[in-house]
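Down below is the structure, laid out as structure tokens.
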Amino acid sequence: MSGGVPFLPESASTIAGEFNILFAGLLAITGAVLGLVFLLLFRFCAHYRRGNDAADRGHWGRKSWRWEVGWTTASFVVFLGLYAWGADLYLREHRWPSNATDIYVVGKQWMWKVEHPDGQREINALHVALNRPVRLVMTSQDVIHSFFVPAFRLKQDVVPGRYVSLWFDPTRIGDYHLYCAQFCGTDHAAMGGMVSVLSDADYQKWLAANATGGTLAAQGGVLYRKLGCAGCHETGATVHAPKLAGLYGSAVTLRNGSTALADEGFIRSAILQPAQNVPTGYAPIMPSFVGQLNEEQVMSLVAYIKSLGAKPAAGSPSR
Amino acid sequence: MTVTTIGELPRQGEGDSYLTDGTTLGSWLLTHDHKRIAILYCLSITVFFFIGGAGAALIRLNLMTPQGTLFDAETYNRLFTLHGVVMVWLFLVPSIPTTFGNFLIPLMLGAKDLAFPRLNLLSWYLFATSGLIVLGGLIGGSVDTGWTFYEPLSSGYASGALVVVLFGIFVNGFSSILTGLNFVVSIHRLRAPGLTWYRLPIFCWSTYATSVILMLATPVLAVTLLLVIAEHLWGVGVFDPTHGGDPVLFQHMFWFYSHPAVYIMILPGMGVISEIIPAFARKTIFGYHFIAWSSIAIAVVGFFVWGHHMFVAGESIYSALVFSFLSFIVAVPSAIKVFNWLATLHKGSISFEAPMLYALGFILLFTIGGLTGLLLATLAFDVDVHDTYFVIAHFHYIMVGGMVSAYFAALHFWWPKVTGRLYPESWARFAAILIFFGFNLTFFPQFILGYLGMPRRYHAYPPEFQVWNVLSSAGASILAAAYLLPLFYLTWSLLRGERAPGNPWGATGLEWQTASPPPTDNFARTPVITRPPYDYPEPAA
């Protein structure tokens, strides 16, 4: 969008390409219907204007059911087609590839805080590599925000108290707007920045230049020991508590009989509301860490627990 | 609708009209006459319309420049909150039902008044009180949550004045419920002899459908708002996750009211258009039964589509699939209406007075709004444009292009009946055309802005969006001027306008068979109906 009047947004993800085809189809179909309505309206108004005696006004159509059934069915069939097309792409928007890199995002008034798996942190910016699928694991520290990148044609509300995911596969190098799309208070319009899609080499350079002391999981590990989690959850502990190695991605049977998939959201909830997430065979003795940890700290703990071994949970919608 | 007997009509200018039956302030403020109550509503919502409109004008002024230099962020947020709250609850929801519904339903039924005249007056007092409370909270306090009051922003982060506004809307809801109840009972019980359901004008059907939604959906809003108030004041955990609540639950409850409320706002407009098209095409409405039942279908199915506001909000993808499907289904009855209106024009004898111009404008703008609604119901498309200007443009095409056009159509069509005066036709046509062009210039660029990715509720924006914002603001200034025009020429008409005959348009409705303005009791004798509605004579082939 360099100068001139912008008509089309940039396209920089695999989804955006498919979206553009969907949009062209939608535009063609609705445009045709709109054209038909306009044409009939203007044609009838011109031809049947009062005073135009040339118009034949006799024999009003009275048996209307054939017409009614006709246009009702036609509308319904067209609508059904649009529905199926949009739903198909929506489902694929929620099915991330198994090789996606997990990047953690916390929204708070009024900034996006990003934590890369190798420990790089950024605010109101996100650096990713070309053609490398990324899954964002997101939550909010305060109110609802919405992570929106028009060039990717993707948006996801980020809701406090739960984890949500958004994945994309960037297809073009460049800087693209990142917005908060859900009104979140005074400086809502200022809560945004840029998503930078870099070549592989540039991305490696960026990672190196922004390296921190340790990976996100390592930071989580420090916190894990500091909070004394190891005292119960490690082998050799005297307290009977579930072991965490291999937990991520497994199915956990809870005391109330239900089964939960141990994804990021489950682990977060098990840390903050342990009483509601007690696995079968264990006593509800774990204290809640609600109020003691902010969302970024919880995310580092989640990353640490994931690093202890995982069954791949790829491809399954998290909600 | 021809009647066999309607009794003697009072002659023009000899008093005895509802307007001259009592001239004191008390005779207006304590009236039980549905027609006078309609006037009270009309005056109140006109004030609210211009207050809400002023909010919109300031918003558009601020968006002339990317930096949003006119207002700071907080003031801007307060302005769009005021615009939304005032327009939704103090103008759009009450607009046609409380004014033309109140005025016309008894006339169309051949009745003396609504079923519960005192309740009707109470509705207006509740409405006026709620308006004052809401405006007091909005203008006196600092409320910047937007009209949607999303959680946990509302409970945890909003100022205390929010509670005042929410309470005002709570009171407003009772006015809605009582009005809906009054219409439903009246349409069931007060139809004149011979006036069967299928002889009712379409306006009665659409008002009936609207009333059902008013009665069933409004209580859910009331409960939701009370819960927000309780959470805000006492920290009761319902929606706020820090108190163990669920913010997405709020959205479910809010949209369970607010989506049906969209149909509260558009169904009466569809009723008005269904009266005006046959009158100016001199032709029986095409597909009466389909138009009548499509209103009922919209009212029913409209209760099951609320989740389409939440495709990116964190509802499950399976819910999204269902809500998307139902949203396509609810569009079918609207399509039926549009096609039937077009078929009514076919072989008509069409004239283009101001009410008809507004009605034709309604069809064009509503069709654009409806078709872009289909785009938004398409899941993957919504993910991109949700919460952008595309959505803003879409619902303004329905609410302003549709409902406000219909309101102005009704205002001009029934103006001679309500006031007993004619308005200057050429001024009215000019205003109608100006509104149509001003509207499109304001809102069409917003479709493009939304598609380009400009989020809504932004007080400042990236500079590449400026071209379209300036165009939109230019359109808004034309629209503002065009909306002020009727205020002047209708006031002039009230004072100097030519006296109107009983039936200036040569229309068939029962309301046209009594005097203009009607006497307090509407009809000298109860009419007996023997013919179907829209009984215009068919020309010989």
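Protein sequences, first through last, are from chains B and S.
Residue numbers 1090 to 1408, in the working numbering, belong to the letters of the first sequence in order.
Residue numbers 434 to 974, in the working numbering, belong to the letters of the second sequence in order.
For every residue, glycine included, the Cβ atom is placed at its ideal position computed from N, Cα and C.
Cutoff 8 angstroms; reference residue i; Cβ partners in own chain excluding five residues on either side
| i | result |
| --- | --- |
| residue 1208 (chain B) | 1300, 1301, 1302, 1303, 1304, 1305, 1307, 1308 |
| residue 622 (chain S) | 548 |
| residue 1372 (chain B) | 1329 |
| residue 1288 (chain B) | 1218, 1219, 1262 |
Contacting residues, own chain, Cβ-Cβ under 6 angstroms from residue i (five flanking each side not counted)
| i | result |
| --- | --- |
| residue 857 (chain S) | 922 |
| residue 861 (chain S) | 787, 845 |
| residue 871 (chain S) | 908, 911, 912, 915 |
| residue 1405 (chain B) | Confidence in residue 1405 (chain B) is poor, its pLDDT being 42 and thus under 50, which makes the residue's placement too unreliable to answer from. |
| residue 994 (chain S) | Because chain S spans 434 through 974 in this model, residue 994 (chain S) falls outside it and cannot be assessed. |
| residue 613 (chain S) | 644, 647, 648 |
Nearest-angstrom Cα separation, counted from residue j out to residue i
| i | j | result |
| --- | --- | --- |
| residue 1130 (chain B) | residue 647 (chain S) | 33 angstroms |
| residue 653 (chain S) | residue 687 (chain S) | 8 angstroms |
| residue 546 (chain S) | residue 525 (chain S) | 24 angstroms |
| residue 1410 (chain B) | residue 1298 (chain B) | The structure shown does not extend to residue 1410 (chain B), since chain B is modelled only from 1090 through 1408, so no value can be given for it. |
| residue 764 (chain S) | residue 758 (chain S) | 10 angstroms |
| residue 718 (chain S) | residue 531 (chain S) | 25 angstroms |
| residue 610 (chain S) | residue 478 (chain S) | 17 angstroms |
| residue 1279 (chain B) | residue 1395 (chain B) | 33 angstroms |
| residue 834 (chain S) | residue 640 (chain S) | 20 angstroms |
| residue 1262 (chain B) | residue 819 (chain S) | 25 angstroms |
| residue 591 (chain S) | residue 635 (chain S) | 44 angstroms |
| residue 1214 (chain B) | residue 1238 (chain B) | 12 angstroms |
| residue 900 (chain S) | residue 829 (chain S) | 20 angstroms |
| residue 966 (chain S) | residue 627 (chain S) | 12 angstroms |
| residue 710 (chain S) | residue 800 (chain S) | 16 angstroms |
| residue 510 (chain S) | residue 585 (chain S) | 17 angstroms |
| residue 727 (chain S) | residue 1339 (chain B) | 50 angstroms |
| residue 550 (chain S) | residue 616 (chain S) | 11 angstroms |
Beta-carbon proximity list for residue i, same chain, < 7 angstroms, skipping 5 on both sides
| i | result |
| --- | --- |
| residue 440 (chain S) | Interpretation of residue 440 (chain S) is limited by its pLDDT of 43, a score under 50 that renders its predicted location unreliable; no figure is taken from the coordinates. |
| residue 864 (chain S) | 915, 918, 919 |
| residue 802 (chain S) | 827, 830, 831, 834, 835 |
| residue 781 (chain S) | 714, 715, 716 |
| residue 588 (chain S) | 661, 664, 665, 672, 673 |
| residue 503 (chain S) | 494, 495 |
DSSP bridge partner residues for residue i (one or two, in chain order)
| i | result |
| --- | --- |
| residue 1234 (chain B) | B:1247 |
| residue 1190 (chain B) | B:1223 |
| residue 1202 (chain B) | B:1195, B:1212 |
| residue 1266 (chain B) | B:1283 |
| residue 967 (chain S) | In DSSP, residue 967 (chain S) forms no bridge with anything. |
| residue 1256 (chain B) | B:1224 |
| residue 1217 (chain B) | B:1286 |
| residue 1349 (chain B) | B:1341 |
| residue 783 (chain S) | B:1138 |
Exposure label - residue i; buried when at least 16 CB within 10 Å
| i | result |
| --- | --- |
| residue 490 (chain S) | buried |
| residue 1374 (chain B) | exposed |
| residue 1236 (chain B) | buried |
| residue 722 (chain S) | exposed |
| residue 1096 (chain B) | exposed |
| residue 1162 (chain B) | exposed |
| residue 1141 (chain B) | exposed |
| residue 1184 (chain B) | exposed |
| residue 770 (chain S) | buried |
| residue 1390 (chain B) | buried |
| residue 450 (chain S) | buried |
| residue 632 (chain S) | buried |
Below-8 angstroms beta-carbon distance, residue i vs any chain D residue
| i | result |
| --- | --- |
| residue 1186 (chain B) | The displayed structure is made up of protein chains B and S, and chain D is not among them. |
Select from the region 1372-1386 of chain B all residues with a C-beta closer than 8 angstroms to any C-beta belonging to chain S, and list them in chain order.
none
Which of the residues in the region 854-877 of chain S, read from start to end, lie with their CB under 7 angstroms from any CB of chain B?
none
Below 8 angstroms between beta carbons is the criterion; list the residues of the region 1109-1131 of chain B that meet it against any residue of chain S, in chain order.
1111, 1112, 1115, 1119, 1122, 1123, 1126, 1127, 1129, 1130
Check each residue of the region 1267-1292 of chain B: if its Cβ is closer than 9 angstroms to any Cβ of chain S, include it; give the result in chain order.
1268, 1269, 1270, 1271, 1272, 1273, 1274, 1275, 1276, 1277, 1278, 1279, 1281
Closer than 8 angstroms between beta carbons: that is the criterion. Which residues of the region 1245-1269 of chain B meet it against chain S?
1245, 1246, 1248, 1249, 1250, 1251, 1253, 1266, 1268, 1269
Quick one: which residues of the region 1141-1164 of chain B get their C-beta closer than 8 angstroms to a C-beta of chain S? List them in chain order.
1144, 1145, 1146, 1147, 1148, 1149, 1150, 1153, 1156, 1157, 1160, 1161, 1164
If the cut-off is 8 angstroms on Cβ atoms, which residues from the region 882-895 of chain S count as contacting chain B, listed in chain order?
884, 885, 886, 888, 889, 890, 891, 892, 893, 894, 895
With 7 angstroms as the limit, tell me which residues of the region 1226-1237 of chain B have their beta carbon closer than that to any beta carbon of chain S; keep them in chain order.
1232, 1233, 1235, 1237
Chain B contacts made by the region 779-801 of chain S, where a contact means CB separation under 8 angstroms:
779, 780, 781, 782, 783, 784, 785, 793, 796, 797, 800, 801
Of all the residues that make up the region 1343-1362 of chain B, which are near chain S by a beta-carbon distance shorter than 8 angstroms?
none
Quick one: which residues of the region 818-829 of chain S get their C-beta closer than 8 angstroms to a C-beta of chain B? List them in chain order.
819, 820, 821
Tell me which residues of the region 1171-1204 of chain B have at least one Cβ-Cβ distance to chain S shorter than 9 angstroms, keeping chain order.
1171, 1172, 1174, 1175, 1176, 1177, 1178, 1179, 1180, 1181, 1182, 1183, 1198
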